[in-house]
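In the numbering used here, the protein residues as written are 577 to 877.
Note that the Cβ used here is the ideal one computed from N, Cα and C, for glycine as well.
Encoded structure:
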C-alpha cells in the first residue's frame, strides 16, 4: 500500500509526466533527469503499489489497465494538492501555483503579440508562480486545453471546438511565398498566378490550403505537409515549393530576396489569433489573473 509521504507524491508526479509525454525518453527533458533514473522511480512506485503500471520496451510505451486507474487517481490527487496550495496562498493574498500555456510555434517575432508585456505585468505582483509553456499546433492546443493539460492556449484556430471559449487577441499577416527563381515570382497578375499554382507544389504548413487558396489544387505527388514553419521555409528556399508563411517569420529571408511574397494584395491574408480556455474551467485565481494581464496587454478590457 502506498503511504502519502513526500517521496511517494514525487514519484506520482513523475509517473503523470511520463504518461503525458508518452514515454520515458520524451519525459527526460521535462523532468530534467535521465531515462534510467525515471525507470528506477517507476519500478519503486510499482513495487509500492504492488501493480504493473506500464509496459515499455521496443514496442513502445503503453499503460496497463491498472496504470490508467492510477494515472486518473494521481491526477485527482495532484489537482487536490494544487487547489490546497491555492487556497492557502489566497489566505496570504499571494499568487502561488503554475500556469500551463500552449502556444503556436514561431509567434514570438509577431510585433502584435504582446505576451512579454503580459508576463512583465504579472511578475510585478508578489507571486510564486511557475510558467509552463509548450509549442503545439492548433489541433493539439485545442485537445490539450479541453483535457486540462493547458490552462490556456494562443494560436490560429480556423474552426470552433465545442467546450472551448475563444477570444480574438491579435492578427497575423501571412503571405504566399516562393523562391525568387520560382515561376510564381514573375507572375504579373492574379489570373497568371492562379494558372501557375495549378502546377506548383504547395506546402500545407498548418493552414488548410482549400481555405487559403479556394479553387486551387496542387499535385498530390509533390505536396508536402508540416506544422513546422522552419521546415516549410526550407522547402520554399529549395525553389521547388510555395507556402504560406507569417510575414514576420519570413522576413529573415525576404529581406535578402531569397524568397518573395506572391502578389500580396491578391493572396495575402490576415489571420485571427485567439486565446482559448476550457468552458467552465475558469476560477483559478492565478490563471485568471494572467489572462486578465494578457488581454489588457492587447488592449482588451
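- Shown here, residue 703 sits in a strand according to DSSP, grouped into three states.
- The alpha-carbon of residue 600 is positioned some 29 angstroms away from that of residue 660.
- Per DSSP, residue 680 lies in no beta strand (DSSP E) segment and is marked neither H nor E.
- Going by C-alpha positions, residue 719 is about 34 angstroms away from residue 835.
- In the DSSP annotation of this structure, the continuous segment of the alpha helix (DSSP H) that includes residue 810 starts and ends at 805–813.
- Contact annotation, residue 769 with residue 839: C-beta distance approximately 6 angstroms; criterion of less than 8 angstroms satisfied.
- Judged by their CB atoms, residue 728 and residue 737 are not nearer to each other than the 9 angstroms cut-off.
- The beta-carbon distance between residue 799 and residue 671, rounded to whole angstroms, is 47 angstroms. This is too long to meet the 8 angstroms contact definition.
- Three or more beta-carbon pairs separated by less than 8 angstroms are not found between the segment 682–700 and the segment 644–654, which leaves the two stretches without contact.
- Residue 734: not part of any beta strand (DSSP E); DSSP gives it neither H nor E.
- Taking C-beta atoms as the reference points, residue 817 and residue 778 count as a pair closer than 9 angstroms.
- With the rule of 3 Cβ pairs closer than 8 angstroms, the segment 849–856 does not count as touching the segment 705–713.
- Counting only residues of its own chain and dropping the five nearest sequence neighbours on each side, residue 826 has a CB closer than 8 angstroms to the CB of 751, 753, 809, 835, 837.
- Per DSSP, the continuous beta strand (DSSP E) segment holding residue 845 begins and ends at 845–854.
- Rounded to whole angstroms, the gap between the alpha carbons of residue 877 and residue 868 is 8 angstroms.
- DSSP places residue 835 in the uninterrupted beta strand (DSSP E) bounded by 835–837.
- With respect to the 9 angstroms criterion, residue 695 and residue 874 are not classified as neighbours on the basis of their beta carbons.
- Classified as exposed, residue 774 has fewer than 16 neighbouring CB atoms from the shown chains inside 10 Å of its CB.
- DSSP, read as helix, strand or coil, puts residue 687 in coil.
- Within the same chain, and ignoring the five residues on either side of residue 780 in sequence, the residues whose Cβ sits closer than 6 angstroms to its Cβ are 801.
- Residue 656 and residue 649 have their C-alpha atoms spaced approximately 11 angstroms apart.
- Per the C-alpha coordinates, the member of 653, 863, 739, 629 positioned closest to residue 586 is 653.
- In this structure, the beta-carbon distance from residue 824 to residue 748 falls below 9 angstroms.
- Straight through space, the alpha carbons of residue 598 and residue 634 are spaced by roughly 14 angstroms.
- Assigned with DSSP and collapsed to three states, residue 673 falls in strand.
- In the structure shown, the three-state DSSP call for residue 720 is helix.
- In this structure, the straight-line span from the alpha carbon of residue 641 to that of residue 593 is close to 18 angstroms.
- For residue 841, the closest C-alpha among the options 829, 766, 859, 857 is that of 766.
- CA-to-CA, the gap between residue 864 and residue 735 works out to about 24 angstroms.
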